[in-house]
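Asks: Starting off with a structure, shown below.
Protein chains: 4
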Amino acid sequence: MKEAKIKVLARPKLKRPILIEGLPGLGLVGKIAIDHLIRSLKAKKFAELYSPHFPPIVIIMPDGSVRMIKNEFYYAKMRGKARDLILLTGDHQGLTVESFYEHAGKIIDFAKRYRTSLVITLGGLGTKKIVQRPNVFGAASSSGLVKKYQKYNIKFDRTGTQITGAAGLLLGLGKLKGIDGLCLMGETHGNYVDPNAAKAVLKVLEKILNIKLTYKELDSQSKQMKEMFKKLREIQKAPQKTETGKPLDLSYIR
Amino acid sequence: MKEAKIKVLARPKLKRPILIEGLPGLGLVGKIAIDHLIRSLKAKKFAELYSPHFPPIVIIMPDGSVRMIKNEFYYAKMRGKARDLILLTGDHQGLTVESFYEHAGKIIDFAKRYRTSLVITLGGLGTKKIVQRPNVFGAASSSGLVKKYQKYNIKFDRTGTQITGAAGLLLGLGKLKGIDGLCLMGETHGNYVDPNAAKAVLKVLEKILNIKLTYKELDSQSKQMKEMFKKLREIQKAPQKTETGKPLDLSYIR
Amino acid sequence: MKEAKIKVLARPKLKRPILIEGLPGLGLVGKIAIDHLIRSLKAKKFAELYSPHFPPIVIIMPDGSVRMIKNEFYYAKMRGKARDLILLTGDHQGLTVESFYEHAGKIIDFAKRYRTSLVITLGGLGTKKIVQRPNVFGAASSSGLVKKYQKYNIKFDRTGTQITGAAGLLLGLGKLKGIDGLCLMGETHGNYVDPNAAKAVLKVLEKILNIKLTYKELDSQSKQMKEMFKKLREIQKAPQKTETGKPLDLSYIR
Amino acid sequence: MKEAKIKVLARPKLKRPILIEGLPGLGLVGKIAIDHLIRSLKAKKFAELYSPHFPPIVIIMPDGSVRMIKNEFYYAKMRGKARDLILLTGDHQGLTVESFYEHAGKIIDFAKRYRTSLVITLGGLGTKKIVQRPNVFGAASSSGLVKKYQKYNIKFDRTGTQITGAAGLLLGLGKLKGIDGLCLMGETHGNYVDPNAAKAVLKVLEKILNIKLTYKELDSQSKQMKEMFKKLREIQKAPQKTETGKPLDLSYIR
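Residue numbers (numbering that gives the first Met the number 0), protein chains in the order written: chain A, 0 to 253; chain B, 0 to 253; chain C, 0 to 253; chain D, 0 to 253.
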């Protein structure tokens with residue numbers, strides 16, 4: 000195995016599908032969002048991407064069987080809608096810089112087979128602040144698309160920001176192959192897993208896709224995170240010093 | 000030489016062979032086991048794997064000739080049994096992460112040519128304890144296989160454990176090509192060469208393959224190791240301090 | 000995407016074009032020069048080079064769209080001249096040593112399609128001195144070419160100097176494919192962006208190509224740099240010590 | 000340029016040529032020897048090996064032209080002898096481990112085209128001692144060859160020694176392609192360029208090839224080295240201490 004390979008498990012007929020990507024990245028925002036979407040839509044797995052650029056391990060599962068590191072393609076048939084969905088989740092983006100390009104190229108080629116003409120990538124944008132109501136920042140593969148999606152309460156104002164990995168390269172390589180691209184990034188601290196930013200991203204996606212999601216599980220996870228940060232804030236109020244004599248900086252908790 | 004190559008030395012006719020792998024890894028458990036098996040069964044070498052991902056050296060042998068770094072395939076014809084064996088040993092697993100996948104892929108493809116439908120990988124599982132009676136832990140490529148092999152006194156309870164390198168990838172890549180896989184891991188400290196853990200693994204393998212092995216050589220090696228550890232334990236009993244004033248921690252010797 | 004690819008946007012008819020390269024390097028001398036040339040000649044983009052060896056990012060532009068990291072080929076039709084120009088600029092040279100060779104090879108092959116028989120590479124040569132009137136050093140792919148270009152006030156006297164990256168490899172790989180090569184290097188400090196060295200290089204290029212350029216923009220940039228260095232020199236005159244007690248060494252400002 | 004390439008400059012007719020390799024390595028022993036041989040035999044260059052795994056630079060020559068990093072094949076027609084010679088010298092062995100294998104593979108394939116059936120590799124074997132009369136150590140691709148060459152005063156007793164790079168891999172990969180191999184290693188300190196060890200290797204080669212060489216140039220280089228070491232020894236006789244209070248250890252000068 001010298002390069003990434005996509006193993007096809009089923010060949011569903013899909014209506015002009017939108018590819019939505021949520022591989023692991025900052026705050027796991029994209030991955031939490033896509034996995035919630037996969038569960039909510041009862042999407043079905045139809046392909047897997049394996050790669051020599053993933054960690055060379057297998058992991059033992061509770062039943063004693065092993066699983067490889069992989070990316071997974073799911074599909075969701077959208078009744079009464081013009082377009083079906085292909086949902087991409089996974090364990091890893093790759094161990095080398097070159098593999099980011101290789102994987103994104105394979106993913107775009109695979110999506111083209113299903114006549115995908117739009118890819119939406121999900122991720123986090125790190126601001127080193129913990130916020131209650133995270134913004135959703137955006138970028139697109141053309142200024143025409145920016146105009147089209149501006150109405151969905153997406154902030155297209157992060158000039159100069161770099162988007163690393165699949166979330167960015169799927170837009171770039173997609174454009175080279177004639178696929179439109181939209182990137183949605185939930186505002187997140189960057190050091191913490193952030194289900195709340197994932198919900199913010201999904202809220203925008205609901206409007207774009209004209210679907211309705213519930214968030215019980217994400218809300219409960221967010222609540223746990225919030226309580227953890229509340230405790231941190233209380234600790235901060237007590238007069239205290241760190242071992243080095245410098246007060247703890249918890250100012251990033253807004 | 001841009002990628003690994005298998006040089007075929009002979010083309011034996013083999014009955015639905017089982018591939019058994021024992022490349023160097025933790026405690027050299029797998030390698031000690033496979034080399035003992037090769038000697039015991041008087042297996043014959045029939046192929047060699049060379050790779051640009053092995054160290055770029057040759058080693059001078061006692062007769063003045065040189066040998067390259069390689070992996071070696073042996074076969075053993077099993078009279079009166081339904082299946083013959085292919086036994087894989089070697090010097091090295093590869094210098095890069097990607098090469099682990101490349102080598103495992105070539106090995107699986109080679110085994111497929113002989114209609115191999117089962118691969119058993121041998122290795123060590125590090126517990127940082129030195130034990131008299133090492134457990135044999137297991138993992139398999141499906142839960143059906145776990146059930147099938149549970150009776151052989153294999154502990155399939157290491158949920159979450161990662162298996163690195165050939166021992167794991169041969170199961171993973173094998174499954175993608177329709178080959179069943181079983182991994183046997185002898186409990187071992189991890190910092191020491193461990194013939195005793197190798198024997199434990201071979202004891203399980205004896206039952207699975209329905210063969211009978213003797214262990215004179217391994218037992219003598221294990222005895223030497225045991226005496227070394229006994230001395231360490233006596234040293235520990237004497238009142239003593241290390242140079243840093245902290246008593247030596249030899250608690251890992253059970 | 001496993002290797003660099005050139006995406007062709009247009010297929011202009013060009014008269015025996017000269018390829019002129021100015022990718023990022025020491026003092027950004029080559030890039031500043033080529034970008035000035037592209038603007039001055041109103042050159043048109045006709046191809047882009049993408050590569051898995053560039054950083055795996057996209058950058059958000061002011062209009063909310065994203066751009067990939069790339070190299071760009073422009074052409075300029077030269078009325079009344081015997082040869083047209085292909086101008087190569089870009090964001091990056093590549094993240095690995097091997098990619099320098101891969102990119103240079105692709106660029107030479109692309110230039111060959113247009114029957115390019117001469118490549119001129121632009122760059123900086125670091126001397127750790129800040130000079131008012133930078134020399135232009137040169138090197139060529141044969142001693143015959145050195146003689147031909149000596150009259151243009153180029154100093155061909157840097158025996159033993161190594162030219163790293165595209166500026167050197169395009170000469171080397173070009174020669175293997177029968178393309179003449181000339182490298183022009185503006186004398187520069189090495190630690191600073193240097194529009195003045197870029198102008199010196201362009202002055203030589205004007206004579207070689209028999210064209211006339213204006214330098215308003217570069218002169219204004221150079222003036223800003225000069226004022227910055229003037230201030231540094233004044234600071235130096237005042238009696239002063241650094242924190243470590245050693246006077247600041249500003250002797251590199253001539 | 001994604002992999003190493005051999006550019007053929009001429010297609011000489013050669014009688015069953017012996018390939019002799021002397022690329023840069025320990026003490027530059029092999030390179031000094033091969034370059035002396037090329038000069039002495041007035042050998043002619045007929046091919047060059049270029050590689051993306053060499054440093055990505057060109058070097059400016061005294062005449063202002065540039066040269067790439069490369070390996071070079073020379074041939075020498077041996078009048079009255081049964082076999083001609085192919086002599087391999089060069090600037091570099093490669094920047095990565097994998098490239099050592101790639102280059103050695105290309106070299107062997109190239110030699111095969113000329114029906115080469117013997118490769119002799121030249122190098123140094125580091126002993127951390129400076130000796131007047133260096134031994135020549137050897138290794139071969141089979142024990143039959145060891146016996147054949149034992150009479151030439153080669154010490155085939157370095158069991159366990161590892162030979163790194165081309166000197167070893169040409170034997171290993173050569174054997175896989177049916178080419179006999181002999182490695183000659185001059186005893187050398189390892190930290191110094193060693194023309195004297197190169198001479199010792201050439202003295203053995205003279206006998207094997209049944210040729211006669213003169214050593215004026217090498218002897219003068221060796222004399223300079225010897226005088227340098229003599230001075231070091233005199234310094235040692237004077238009562239002295241190093242700055243750290245420990246006497247200088249010059250015992251490696253025998």
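Glycine included, every Cβ here is placed at the ideal spot set by N, Cα and C.
Since the model is a prediction, treat every value here as computed from it, not as a measurement.
For ILE191 of chain D, which of helix, strand or coil comes out of DSSP?
Replies: The amino acid at residue 191 of chain D is misidentified as Ile; the sequence shows Tyr. It is coil, neither helix nor strand.
Asks: Between the segment 59-78 of chain C and the segment 151-170 of chain A, can you find at least three pairs of beta-carbon atoms closer than 8 Å?
Replies: Yes, the segment 151-170 of chain A touches the segment 59-78 of chain C.
Asks: With a threshold of 7 Å between beta carbons, is GLY104 of chain C in contact with chain D?
Replies: Closer than 7 Å to some Cβ of chain D, the Cβ of GLY104 of chain C qualifies, so yes.
Asks: Whole angstroms are fine: how far does the CA of LYS225 of chain B sit from the CA of LEU231 of chain B?
Replies: The straight-line gap from Cα to Cα measures roughly 10 Å.
Asks: Spell out whether any CB of chain C is found under 7 Å from the CB atom of SER142 of chain A.
Replies: Interface residue, yes.
Asks: Report yes or no: is there a C-beta of chain A within less than 7 Å of the C-beta of LEU87 of chain B?
Replies: Judged by the 7 Å Cβ criterion, LEU87 of chain B is not in contact with chain A.
Asks: Checking 7 Å against the spacing of the C-beta atoms, do ALA199 of chain A and VAL130 of chain A come in under that value?
Replies: Taking 7 Å as the Cβ cut-off, ALA199 of chain A and VAL130 of chain A do not qualify as a contacting pair.
Asks: Kindly list the residues whose CB is nearer than 6 Å to the CB of LEU117 of chain D, restricted to its own chain and excluding five residues on each side of it in sequence; keep chain order.
Replies: The residues are ILE17, ASP179.
Asks: Bridge partners of SER50 of chain A, per DSSP?
Replies: Its beta-bridge partners do not exist; DSSP assigns none.
Asks: Output yes or no for whether 7 Å exceeds the beta carbon distance between ALA196 of chain D and GLU20 of chain D.
Replies: Not a contact, by the Cβ cut-off of 7 Å.
Asks: Does DSSP put GLU2 of chain C in a helix, in a strand, or in coil?
Replies: Of the three classes helix, strand and coil, the one that applies to GLU2 of chain C here is coil, per DSSP.
Asks: Starting from VAL130 of chain B, follow its DSSP beta bridges and name the residues at the other end.
Replies: Partner(s): none; VAL130 of chain B has no beta bridge.
Asks: How about ALA9 of chain D and PHE45 of chain D: are their beta carbons less than 7 Å apart?
Replies: Contact flag set, yes.
Asks: Going by DSSP, what residue range makes up the beta strand (DSSP E) through TYR73 of chain C?
Replies: That run of the beta strand (DSSP E) goes 70-75.
Asks: Can you find a CB in chain A that lies within less than 7 Å of the CB of ARG157 of chain B?
Replies: Cβ-Cβ to chain A under 7 Å: yes for ARG157 of chain B.
Asks: Could you tell me if LYS174 of chain C is buried or exposed, where buried requires 16 or more neighbouring beta carbons within 10 angstroms of its beta carbon?
Replies: When all chains shown are included, LYS174 of chain C counts as buried.
Asks: Go through its chain and collect everything with a Cβ distance to GLU205 of chain C's Cβ below 8 Å, but skip five positions before and after it.
Replies: Closer than 8 Å at the Cβ level, and outside the excluded window around GLU205 of chain C, lie LYS211, LEU212.
Asks: In angstroms with no decimal places, state the Cα-to-Cα distance between ASP34 of chain C and LEU94 of chain C.
Replies: The alpha-carbon atoms of ASP34 of chain C and LEU94 of chain C are separated by roughly 22 Å.
Asks: Over what stretch of residues does the beta strand (DSSP E) that includes ILE210 of chain A continue unbroken?
Replies: Counting along the chain, ILE210 of chain A falls outside any beta strand (DSSP E), and DSSP gives it neither H nor E.
Asks: Give a yes or no on whether the minimum CB-CB distance between THR115 of chain D and chain B is below 7 Å.
Replies: No, THR115 of chain D lies away from the interface with chain B (no Cβ there is under 7 Å from its Cβ).
Asks: What three-state label does DSSP hand ASP83 of chain B in the structure shown?
Replies: ASP83 of chain B falls in the coil class under three-state DSSP.
Asks: Can you tell which of D:ILE85, D:SER39, D:ALA139 has its C-alpha closest to the C-alpha of LEU168 of chain D?
Replies: Of the listed residues, the one whose Cα sits closest to LEU168 of chain D is D:ALA139.
Asks: LEU172 of chain B and ILE107 of chain B - do their beta-carbons sit closer together than 7 Å?
Replies: It is a contact, given that the beta carbons lie within the stated cut-off.
Asks: Please list, in chain order, all residues of the same chain as GLY104 of chain A whose beta carbon is under 7 Å from its beta carbon, the five residues on each side excluded.
Replies: Contacts found: LEU172.
Asks: Pick helix, strand or coil for PHE155 of chain B, following the three-state DSSP scheme.
Replies: Coil, per DSSP.
Asks: As a quick exercise: from A:LEU170, A:GLU216, A:HIS52, A:PRO11, pick the residue whose alpha carbon is nearest that of TYR113 of chain A.
Replies: Per the Cα distances, A:PRO11.
Asks: Quick one: grab the DSSP three-state call for ARG15 of chain B.
Replies: In this structure, ARG15 of chain B counts as coil in the three-state DSSP scheme.
Asks: Thinking C-alpha only, which one of C:PHE99, C:LYS202, C:GLU233 is nearest LYS1 of chain D?
Replies: The shortest Cα separation from LYS1 of chain D among C:PHE99, C:LYS202, C:GLU233 belongs to C:PHE99.
Asks: The ligand FMN and ARG66 of chain B: does the residue's C-beta get closer than 6 Å to at least one heavy atom of that ligand?
Replies: In terms of ligand content, the structure shown is empty, and the ligand FMN therefore cannot be addressed.
Asks: Check LYS44 of chain C in the structure and name its three-state DSSP category.
Replies: LYS44 of chain C falls in the strand class under three-state DSSP.
Asks: Around the C-beta of SER219 of chain C, are 16 or more other C-beta atoms found within 10 angstroms, so that it is buried, or is it exposed?
Replies: Answer is exposed; the Cβ neighbour count stays below 16.
Asks: What does a CB cutoff of less than 6 Å around LEU40 of chain A pick up in its chain, not counting 5 residues either side in sequence?
Replies: Here the set comprises ALA75.
Asks: With a 10 Å radius around its C-beta and 16 neighbouring C-beta atoms as the bar for buried, classify GLY79 of chain A as buried or exposed.
Replies: Exposed, because fewer than 16 other Cβ atoms sit within 10 Å of the Cβ of GLY79 of chain A.
Asks: Excluding the 5 residues preceding and the 5 following LEU144 of chain A in the sequence, name in chain order all residues of the same chain whose CB lies nearer than 7 Å to its CB.
Replies: The residues are ASP179, LEU181.
Asks: In terms of DSSP beta bridges, what is ALA110 of chain C paired with?
Replies: In DSSP, ALA110 of chain C forms no bridge with anything.
Asks: To the nearest angstrom, how far is the alpha carbon of ASN152 of chain A from that of LEU121 of chain A?
Replies: Near 15 Å, if we compare the C-alpha coordinates of LEU121 of chain A and ASN152 of chain A.
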